[in-house]
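Each residue of the sequence shown is one higher than the last, beginning at 43 in the working numbering.
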Amino acid sequence: MDRIPFPRNRYVIFAMLAVGGFVIDLATKHWVFARLGMPGATGERIRILGNVLVLETNLNEGALFGMGQGFQPIFIALALVAALGILVWLFWSGAAADLWLTIALGMITAGIFGNFWDRIGMPGLRWPEYTSRAGERIHAVRDWIHFEIEGWFDFPVFNIADSLLVIGVGVLLLHTFLVGENRVATPAASPAGPN
Numbered sequence: 043m044d045r046i047p048f049p050r051n052r053y054v055i056f057a058m059l060a061v062g063g064f065v066i067d068l069a070t071k072h073w074v075f076a077r078l079g080m081p082g083a084t085g086e087r088i089r090i091l092g093n094v095l096v097l098e099t100n101l102n103e104g105a106l107f108g109m110g111q112g113f114q115p116i117f118i119a120l121a122l123v124a125a126l127g128i129l130v131w132l133f134w135s136g137a138a139a140d141l142w143l144t145i146a147l148g149m150i151t152a153g154i155f156g157n158f159w160d161r162i163g164m165p166g167l168r169w170p171e172y173t174s175r176a177g178e179r180i181h182a183v184r185d186w187i188h189f190e191i192e193g194w195f196d197f198p199v200f201n202i203a204d205s206l207l208v209i210g211v212g213v214l215l216l217h218t219f220l221v222g223e224n225r226v227a228t229p230a231a232s233p234a235g236p237n
């Protein structure tokens, strides 16, 4: 199988999005948790945008919207498999020839590693004394962005990594639908030439 050539700047674009998004995610988590403390410790929340955007700390041992609590080893393994799959798809199979795929997969990779870092316990956080797991190392994703309109709308707490994952998947889906339609509309030329 011949590899599809792609511009070398795709490595830079992918790395800037993946590493940059990862660093921004970790920095914002660190800042908010340093400012507000562990969930339930102070009960402090910072309200922004007319009380619609709330900064508060939350720990999620599950996946999307807290589903799958207690399955950390599975989420860690899936993150590694997904990241490896992205690298193979992008650079070995040549998907990096497409700028939008490079952008989408860079964002998704940043999100994968931002949450992976928390799941493996790298922030070094310990469960507080007021919990049943006091002193144990925390293997949970640090969330801090909360959209709510009291009495009407309450979106689950999330973080920058989650946002990058969702936006990256959105770009990927949009790209798939738009490029898929173009490929159907313009069939490939026959190797034998025009009929």
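Think of the CB as a built atom: it goes at the ideal place given N, C-alpha and C, for glycine as much as any other residue.
Work out the CA separation of residue 184 and residue 169 for me, nearest whole Å.
13 Å
Quick check: the Cα distance between residue 164 and residue 92, rounded to an integer number of angstroms?
34 Å
Bridge partners for residue 188 per DSSP, in chain order?
96
Own chain residues within Cβ distance below 7 Å of residue 102, not counting five before or after:
108, 182, 183 and 185
Taking only runs that begin and end inside the region 114 to 162, name each unbroken alpha helix (DSSP H) of 4 or more residues, in chain order.
114 to 129 and 141 to 161
I'd like to know whether the C-beta atoms of residue 126 and residue 97 end up nearer to each other than 8 Å.
no
Going by DSSP in three states, residue 209 sits in which element: helix, strand or coil?
helix
Status (buried if at least 16 other CB within 10 Å, exposed otherwise) for residue 59:
buried
What's the call for residue 132, buried or exposed, on a 16-neighbour Cβ count within 10 Å?
buried
Helix, strand or coil: which one does DSSP assign to residue 101?
strand
Using only the alpha-carbon positions, how far apart do residue 100 and residue 204 sit?
13 Å
Can you tell me the Cβ-Cβ gap for residue 52 and residue 138, rounded? I've got them flagged as a contact below 8 Å.
4 Å
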